[in-house]
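So the structure is just underneath, and the comments pick up after that.
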Amino acid sequence: MDAEMKKMLEGKAEDIRVDIIDMLCESGSGHPGGSLSMADIFSYLYFSGSLNIDPENPRMEDRDRVVLSKGHACPVLYATLAEKGFFEKSHLKTLRKFGSILQGHPDMKKVPGVEMSTGSLGQGLSAAVGMAMGLRLDKKDAHVFAILGDGECDEGQIWEAAMAAAHYELGNLIGILDRNGLQIDGFTKDVMNTEPMIDKWLSFGWHVIEIDAHNFDEIESAISQAKEVKNAPVMIVANSVKGKGVSFMENECGWHGKAPSLEEAEKAKSEIAG
Amino acid sequence: MLNKDVQAILSDENKKAATRTAYGEKIAELGELNKDIVVLDCDLSKSTMTSVFAKKFPDRFFDMGIAEANMMSVAAGLATTGKIPFASTFAVFATKRVADQISSSIAYPGLNVKICATHAGLSVGEDGATHQAIEDVAIMRAIPGITVLSPCDGTETGKIIEYAASHYGPYYIRLTRSNIPVIFNDNYKFELGRGTKILEGPKATLVSTGFMTHIALQAARELSDEGIELDFINMPSIKPLDEELVLESAGKTRLVVTVEDHNIIGGLGSAVCELLSEKMPVKVIRMGVMDKFGASGEPMELIKAYGFDKESIKDKIKSLVK
Ligand SMILES: Cc1ncc(C[n+]2csc(CCOP(=O)(O)OP(=O)(O)O)c2C)c(N)n1
Ligand SMILES: [Mg+2]
């Protein structure tokens, strides 16, 4: 990746992080930790040109699809979609408010660019499997991306979907696992150990690529490699820092689902910009 | 007395068919006409009869293995790409096990998924309580936006499947295992939110659905022979209910009896009570499973033991109209 592209993506990730903090501060509730951990990957997906999408035509038939299976992290999706022009940025401050298109968890009927309604963990990967099957039946080239949480992988349905995706050889399905090591009650290793994660996906018949979720070169190479795999689903295991970019939120399960106060938001934003 | 308007749509009832068989045949027929129809099943295709479609259209049939939660959300994903997924398994697994997947992945986004659940009710028989769905209608009715349909015979099943395939939105279609008489001939037309008044009489209104219709209809005929003439209504459309028909009849008879192969909580009887208690308070007696689990046995033996067979219906109505 050239320096100019990297700089642009870093800038977008920064904007997304600032929007996440602003919208959560304004709403007074929501999920910062798992939103911040995905900001770099969302910046790459939506601004590097890697997704075939059109904000002017959000239902374009051939489009690539992104399913946020870990729906609670919707601030990162909303901030990204607004930045990309799917809807007016002014909506961001209506997050979680009555009458808003930006529900506490994503509603595909309300928000252009949201491909699946999620929030009940464990279901988005299955929906992505269905999309990949449907697109393949129609002989479309499009890819389906599913963003999972590592805590979410406690759900049995994730592994049902994992089996089905491999069984049907869904080469057009790419999972991205936000392996931030935290869920609500604490570290995943203490709450419910899902390790060895890589071995699990491999043994379920997936192609696995492990990356640093905050390194654009690694993100880029993983996604281009993943697109080359034609006969199996790919899981990009993205080692991330929950709360990335805000020192007092990083690796703190207390910041999973708590909004920052005004002062905390100011501090957070100065760190992100710094 | 036979409702004069229904003469033309009644079959001779010598033919028998299970509604699941009618489903299997119809969906295979529709698959020919509409290439967007896809079918999913959870290792029960030989029982739900989706195997007929699977054989004809292997590329559009997906066996999802014994993983019902995944099947429902996969069906939702398929629907987002313009497919019309029919997802089938036994009614116990298609509802209780996956209520959240149906609610969150299918109903909340309002996706075009048709859940065709077979082996509903005590009439499953020998497999016993774990395989007899007696709360499926209650669960599905309570989820916003789902149309809940319960055909009484092979003809009605075929018409309902055709209707569902050509109308957008999430549907729950309740099918049965055992062979039952074919009540309607091919002139029968299904309309959403419409029931059929087969018999007419002043003494009471008897409403039934699904597997119980052929039994309740027989009870009503025999009562008529004994001089107790009733309105007999077959109600395939549980949500939305045919409010007009129920109100019209209840207003006349002032006594309503409902019969269903389902818990008396949350099913057809509840739907009728909800309507009448708000719009026309009259006495309603709900017959069906009295909030108990099922058991192994032959279908008719069970329905008798649980107190909603033909004789029980007749006895109940006689005691009420006296
Ligand atoms: C089925 C279900 N159970 C529980 C919850 C409540 N919940 C929301 S987020 C969360 C933890 C998720 O952890 P993880 O998947 O690791 O997400 P991340 O760390 O990326 O935020 C839980 C338990 C839910 N949304 N859905
Ligand atoms: Mg996590």
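Line by line, the protein sequences are chains A and B. If you count by the working numbering, then the first sequence holds residues 1 to 274, one letter each, in order. If you count by the working numbering, then the second sequence holds residues 1001 to 1322, one letter each, in order. Ideal placement from N, C-alpha and C gives every residue a C-beta, glycine not left out.
Query, Result
"Secondary structure, beta strand (DSSP E): runs of 3+ residues fully inside the stretch 1128 to 1214 of chain B", "1147 to 1149, 1171 to 1174, 1196 to 1199 and 1205 to 1208"
"Start-to-end residues for the alpha helix (DSSP H) that takes in B/N1070", "E1068 to T1080"
"Contacts of B/R1060 in chain A (Cβ-Cβ under 9 Å)", "L137"
"C-beta neighbour in chain A for B/N1112, strict 8 Å", "no"
"Unbroken stretches of the beta strand (DSSP E), 3 residues or longer, contained in the stretch 231 to 273 of chain A", "234 to 239"
"Helix, strand or coil at A/R96 [DSSP, three-state]", "coil"
"Euclidean distance between Cα positions of B/T1147 and B/E1260", "18 Å"
"Contacts that A/A161 makes with chain B (C-beta to C-beta distance below 7 Å)", "N1070"
"Residue environment, A/Q183, which counts as buried when at least 16 other CB atoms sit within 10 Å", "buried"
"Closer than 7 Å: B/Q1101 CB and nearest ligand 2 heavy atom", "no"
"Against chain B: residues of the stretch 212 to 243 of chain A by CB proximity under 9 Å", "none"
"Residue-level contact to chain B via CB, A/A164, 8 Å cutoff", "yes"
"Contact set between A/S29 and chain B, taken where Cβ atoms lie within less than 8 Å", "By Cβ distance, chain B contributes nothing, its closest Cβ being about 20 Å from A/S29, past 8 Å."
"Proximity to A/K242 [Cα-Cα], best of A/E252, A/A273 and A/A132", "A/E252"
"8 Å Cβ cut-off: residues of chain A touching B/A1075", "G130"
"Which listed residue (B/S1011, B/L1078, B/S1270 and B/V1256) has its alpha carbon closest to that of B/V1284", "B/V1256"
"Cross-strand partners of B/L1255 (DSSP beta bridge)", "B/K1283"
"Opposing strand residues paired with A/R179 [DSSP bridges]", "A/N239"
"Test: A/E115 CB closer than 8 Å to a CB of chain B", "yes"
"Cβ-heavy atom distance, A/A238 to ligand 1, below 7 Å", "no"
"For B/S1011 and B/D1186, the rounded distance between their alpha carbons", "8 Å"
"Same chain, Cβ closer than 8 Å to A/H214, neighbours up to 5 away in sequence not counted", "D40, S240, V241 and K244"
"Reduced DSSP category for A/G149 - H, G, I as helix; E, B as strand; rest coil", "strand"
"Local Cβ density within 10 Å of B/H1119, reported as buried at 16 or more and exposed below that", "buried"
"Contact with chain B by A/M108, beta-carbon distance below 8 Å", "yes"
"The alpha helix (DSSP H) enclosing A/C74, as first and last residue numbers", "C74 to K84"
"Alpha helix (DSSP H) segments (min. 4 residues) lying fully within the stretch 1211 to 1236 of chain B", "1213 to 1225"
"Reduced DSSP category for B/P1058 - H, G, I as helix; E, B as strand; rest coil", "helix"
"Proximity of B/L1320 and B/L1199 at Cβ, strictly below 8 Å", "no"
"A/M235 vs A/W206 beta-carbon contact at 8 Å", "yes"
"Alpha-carbon to alpha-carbon, A/R17 and A/K140", "33 Å"
"Minimum Cβ-Cβ distance from B/G1169 to chain A less than 8 Å", "no"
"Closer than 9 Å at the beta carbon, the chain A residues around B/Q1007", "Going along chain A, no residue has its Cβ under 9 Å from B/Q1007, so there is no contact; the nearest lies around 45 Å."
"Where A/Q123 meets chain B, residues with beta-carbon distance less than 7 Å", "S1073, Q1101, S1104 and S1105"
"From A/I20, A/L137 and A/S100, residue whose alpha carbon lies closest to that of A/T80", "A/I20"
"Check whether B/I1303 and B/S1123 have beta carbons under 8 Å apart", "yes"
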